[in-house]
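Protein chains: 2
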Amino acid sequence: MKKNIIVGQSGGPTAVINSSLWGIITEGKRHPEQIGCVYGMHNGIEGLLADSYTDLSGTLSDEDLALLKATPAAYLGSCRYKLPENLSSEVYRTLFDKLNRLNIGYFLYIGGNDSMDTVSKLARYAENTESPIRFIGIPKTIDNDLIETDHTPGYGSAAKYVATTVREITLDACVYQQRSVTIVEIMGRHAGWLTAASALARKEPGDNPLLIYLPEAPFDLEKFSSDLEQAFRKNSNVVVCVSEGIADSSGHFICEYSSDAQIDTFGHKMLTGCGKILENYVRNRFGVKVRSVELNVSQRCSGLTVSATDMEEAALAGQFGVISALEQKTRSMVAFKREQDSDSYHIAPCLIDVSAVCNKEKAFPGEWISEKGSDISSEFLHYAVPLIRGEVPRIMEDGIPKYLYRK
Amino acid sequence: MKKNIIVGQSGGPTAVINSSLWGIITEGKRHPEQIGCVYGMHNGIEGLLADSYTDLSGTLSDEDLALLKATPAAYLGSCRYKLPENLSSEVYRTLFDKLNRLNIGYFLYIGGNDSMDTVSKLARYAENTESPIRFIGIPKTIDNDLIETDHTPGYGSAAKYVATTVREITLDACVYQQRSVTIVEIMGRHAGWLTAASALARKEPGDNPLLIYLPEAPFDLEKFSSDLEQAFRKNSNVVVCVSEGIADSSGHFICEYSSDAQIDTFGHKMLTGCGKILENYVRNRFGVKVRSVELNVSQRCSGLTVSATDMEEAALAGQFGVISALEQKTRSMVAFKREQDSDSYHIAPCLIDVSAVCNKEKAFPGEWISEKGSDISSEFLHYAVPLIRGEVPRIMEDGIPKYLYRK
Numbered sequence: 004m005k006k007n008i009i010v011g012q013s014g015g016p017t018a019v020i021n022s023s024l025w026g027i028i029t030e031g032k033r034h035p036e037q038i039g040c041v042y043g044m045h046n047g048i049e050g051l052l053a054d055s056y057t058d059l060s061g062t063l064s065d066e067d068l069a070l071l072k073a074t075p076a077a078y079l080g081s082c083r084y085k086l087p088e089n090l091s092s093e094v095y096r097t098l099f100d101k102l103n104r105l106n107i108g109y110f111l112y113i114g115g116n117d118s119m120d121t122v123s124k125l126a127r128y129a130e131n132t133e134s135p136i137r138f139i140g141i142p143k144t145i146d147n148d149l150i151e152t153d154h155t156p157g158y159g160s161a162a163k164y165v166a167t168t169v170r171e172i173t174l175d176a177c178v179y180q181q182r183s184v185t186i187v188e189i190m191g192r193h194a195g196w197l198t199a200a201s202a203l204a205r206k207e208p209g210d211n212p213l214l215i216y217l218p219e220a221p222f223d224l225e226k227f228s229s230d231l232e233q234a235f236r237k238n239s240n241v242v243v244c245v246s247e248g249i250a251d252s253s254g255h256f257i258c259e260y261s262s263d264a265q266i267d268t269f270g271h272k273m274l275t276g277c278g279k280i281l282e283n284y285v286r287n288r289f290g291v292k293v294r295s296v297e298l299n300v301s302q303r304c305s306g307l308t309v310s311a312t313d314m315e316e317a318a319l320a321g322q323f324g325v326i327s328a329l330e331q332k333t334r335s336m337v338a339f340k341r342e343q344d345s346d347s348y349h350i351a352p353c354l355i356d357v358s359a360v361c362n363k364e365k366a367f368p369g370e371w372i373s374e375k376g377s378d379i380s381s382e383f384l385h386y387a388v389p390l391i392r393g394e395v396p397r398i399m400e401d402g403i404p405k406y407l408y409r410k
Numbered sequence: 004m005k006k007n008i009i010v011g012q013s014g015g016p017t018a019v020i021n022s023s024l025w026g027i028i029t030e031g032k033r034h035p036e037q038i039g040c041v042y043g044m045h046n047g048i049e050g051l052l053a054d055s056y057t058d059l060s061g062t063l064s065d066e067d068l069a070l071l072k073a074t075p076a077a078y079l080g081s082c083r084y085k086l087p088e089n090l091s092s093e094v095y096r097t098l099f100d101k102l103n104r105l106n107i108g109y110f111l112y113i114g115g116n117d118s119m120d121t122v123s124k125l126a127r128y129a130e131n132t133e134s135p136i137r138f139i140g141i142p143k144t145i146d147n148d149l150i151e152t153d154h155t156p157g158y159g160s161a162a163k164y165v166a167t168t169v170r171e172i173t174l175d176a177c178v179y180q181q182r183s184v185t186i187v188e189i190m191g192r193h194a195g196w197l198t199a200a201s202a203l204a205r206k207e208p209g210d211n212p213l214l215i216y217l218p219e220a221p222f223d224l225e226k227f228s229s230d231l232e233q234a235f236r237k238n239s240n241v242v243v244c245v246s247e248g249i250a251d252s253s254g255h256f257i258c259e260y261s262s263d264a265q266i267d268t269f270g271h272k273m274l275t276g277c278g279k280i281l282e283n284y285v286r287n288r289f290g291v292k293v294r295s296v297e298l299n300v301s302q303r304c305s306g307l308t309v310s311a312t313d314m315e316e317a318a319l320a321g322q323f324g325v326i327s328a329l330e331q332k333t334r335s336m337v338a339f340k341r342e343q344d345s346d347s348y349h350i351a352p353c354l355i356d357v358s359a360v361c362n363k364e365k366a367f368p369g370e371w372i373s374e375k376g377s378d379i380s381s382e383f384l385h386y387a388v389p390l391i392r393g394e395v396p397r398i399m400e401d402g403i404p405k406y407l408y409r410k
């Protein structure tokens, strides 16, 4: 007897989270004998609770689907809803009643850490209540901080954006002869994977960015000053890349160094990034021209720097999720295994226990950070270059990208 | 008798300032009977004074030239050197001695307002001293604030970057159901041309960005609050685009509203943009989720959002500059005339008196700003869409753009 698929998106957007959605819809349509339709819940689990969803397989045209695959941010909308730890809580019965009324056989959830927690809880509730519904998590995060997978869809495109933009900022920062410092603040509160990608901006070793600081290594202002003095001997224009989450040895975030002091004219506390703090520090310590650039949300929603590798892997993760669900797999997350034995890059999808993944974070490997704590090793470049390779055809209208909007 | 060309770049970078340089080098090579070689001075006029220059026509391969055309920021380096008003000052004799020693017949300078001032002074000195050297200015500025030209090379690509990025930020800002405000700060201290380009991000009229504020209209915090309240009735996620240079009716910059109050932990004054000020204001006034995004230098150095129209026009400006110099034109700037009588977009290059251009600014037309001062009229869209049209082939290496670096 035919069953339906329901899919949701949760957590922060990425450039390819909709490519995974595309993979789920198109794979779902390939099995008409087993699958009725593919429902999309709006704003993740919140939409299911509010009976807000659409039949994606029935309403999206082929042209819509092509646009969807290339549209950044979460087409279905997102949420940060956390299910209660206590599985006997009322909300679970409510959710399963709704799933049964929609004749759902397969529940797929595209998201990061917290979303995998949702998948784990629903799957365990299903086991306890002997529900036949299958629950599969499709990973996505620009932070690349999920364990037990070589990398996560979304990271490659964000890394490509960071590497491209830092290369261009470096060109821009070097046009004048006068000494200057340019500080680039990159996303990553706890994990330095994205900031490390700034090392890919170098044409040759020793190029800018001359200094790179990750949250995994303690940050010290005095050491930063001496690092800068050394860097000035190599280049009068120094580009510094820092994770938003860099902290000192006592665990105190650099971005909080001024929060007690900064008040606007209305007497309100101002929030600043660590880039601004360091910009100000360098200006007063060195008296040179200094600028800080916060790459901000474009890291996760830029559609013109998407990595073709990343987009295809995101689509594959969605397709593999559907196939696994049809094979009655559950309480699993799709993961990627890299073939180590081959020189050429090759990735194979696999399933891992979602309960083992959720609420854990994969930090950037300490051995890939230079001894001085201000650079990245070549092992990382070897790991990351394949993830940012490949261009996606551009779909434009009136000179800017054409994207799919939810009605 | 053969003469040489010397070319320099000055002022802030753009995505296509090197396309004009490409146009000058390639056009220069097309006239071997009149032109010996094309010298490039490093860091503008400063390089000429320091005898720092290269023979571009002799050293750049065809592949180099193809990369140069697509490389953002100033390949030759830039400067902000202002020549003295007094034409009898020693520096002029020094400069002309150097030009004569290099057998220069044609001096081309790619830049904005201040650079045109340099061209004007050198040309007038040449007239006074009966020097045969010809001086032509090639316009470039992302600000689009040069008078007597339909637009300036560099603006189209910056506008395309702003429109593309604001469209993507809007997708990102709308994924959650909770009310939110996203403030995008766009370059433009005095002229609102670039901020106005954010209106191109809309798919349909009435879409985000719901509020757009330019420096040409006085900004009032109380009116901003009521504009926001109205915007919330249309959309729970409001995107606001502001020029960095918005000021109140007394001419006081909004970005200075907190500069006296903001002090870092070391007791130093912090510099903030108006986006941060407004972010803080909205957070405290409305208590909603709010974020500010400063688009920053990528507006002028992003190589993946270059407008093909802009790139070709920038190259044309360089080529037309060489041809005009060979026709013994001088003290002129290349400008663009738009054919008004045709529906299709067509631009013709022409020459204008450079002395009439320099040190003047073209403000955004008041009649293109809505009565409420928070939106842009459709006349602007009609003006701007052709300038951002067309894609440029991407030249990539290891997943990021390949650019030409000066040895």
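Chains as they are written, first to last, in my numbering: chain A, 4 to 410; chain B, 4 to 410. Beta carbons are placed, not taken as given, at the ideal position from N, Cα and C, and that holds for glycine.
Roughly how far, in whole angstroms, is the beta-carbon of residue i from the beta-carbon of residue j, given that I think they are within contact range, below 8 Å?
i, j, result
"B/G321", "B/G26", "3 Å"
"B/S377", "B/I215", "6 Å"
"A/C304", "B/L111", "Not confirmed; about 40 Å, so no contact."
"B/I189", "B/Y109", "Rounded, the Cβ-Cβ distance is 37 Å, inconsistent with contact."
"B/V184", "B/V285", "5 Å"
Quick one: give me the first and last residue of the alpha helix (DSSP H) that residue i is part of.
i, result
"A/P389", "S381 to I391"
"A/C82", "Where A/C82 is concerned, there is no enclosing alpha helix (DSSP H), given that its DSSP letter is neither H nor E."
"B/K279", "C277 to F289"
"B/I398", "Taken as a continuous stretch (DSSP letters only), B/I398 belongs to no alpha helix (DSSP H), as it is neither H nor E."
"B/T74", "Unbroken run through B/T74: none, as it is neither H nor E."
"B/A338", "Per DSSP, B/A338 belongs to no alpha helix (DSSP H); it is in the beta strand (DSSP E), S335 to R341."
"B/I172", "Y158 to A176"
"A/R303", "S301 to C304"
"B/N103", "E93 to R104"
Straight-line CA distance for residue i to residue j?
i, j, result
"A/L149", "B/I249", "43 Å"
"A/I398", "A/M44", "26 Å"
"B/E364", "A/V360", "58 Å"
"A/R409", "B/L63", "50 Å"
"A/K330", "A/G80", "Before going further, note that residue 330 of chain A is Glu rather than Lys in the sequence given. Spanning the two alpha carbons is a distance of roughly 28 Å."
"A/Y128", "B/G276", "50 Å"
"B/G369", "B/A220", "8 Å"
"B/L105", "B/V10", "12 Å"
"B/A234", "A/Y386", "46 Å"
"A/Y179", "A/L281", "21 Å"
"B/D146", "B/L319", "20 Å"
"B/S327", "B/T333", "8 Å"
Give the interface partners of residue i over in chain B, defined as CB-CB distance under 7 Å, in chain order.
i, result
"A/D378", "Within 7 Å Cβ-Cβ: nothing; A/D378 doesn't reach chain B, min ~18 Å."
"A/L307", "T167, L307 and T308"
Is residue i buried or exposed, if buried means 16 or more other CB atoms sit within 10 Å of its CB?
i, result
"B/D120", "buried"
"A/D263", "The pLDDT assigned to A/D263 is 49, lower than 50, so where the model puts this residue is not dependable, and the model offers no usable value."
"B/K72", "buried"
"B/K375", "exposed"
"A/T97", "exposed"
"B/K124", "buried"
"A/T132", "exposed"
"B/E342", "exposed"
"B/K5", "exposed"
Hey, quick one: how far does the beta strand (DSSP E) through residue i stretch, first residue to last?
i, result
"A/A351", "I350 to D356"
"A/I107", "I107 to G114"
"B/S190", "Looking at the sequence shown, residue 190 of chain B is not Ser but Met. Note, B/M190: premise wrong, no beta strand (DSSP E); not H, not E."
"A/I145", "Here A/I145 belongs to no beta strand (DSSP E), and DSSP marks it neither H nor E."
What residues of chain A sit near residue i, judged by a beta carbon separation below 8 Å?
i, result
"B/R96", "Within 8 Å Cβ-Cβ: nothing; B/R96 doesn't reach chain A, min ~24 Å."
"B/V388", "D401 and G402"
"B/A76", "E171, L174, D175, C177 and V178"
Which residues in chain A sit within 7 Å of residue i, going by Cβ to Cβ distance?
i, result
"B/P16", "D175 and V178"
"B/N299", "V296"
Please tell me whether, using a cut-off of 7 Å, the distance from the CB of residue i to the nearest non-hydrogen atom of the ligand NAD is below it.
i, result
"A/K85", "With respect to small molecules bound, the structure shown includes none, and the ligand NAD cannot be examined in it."
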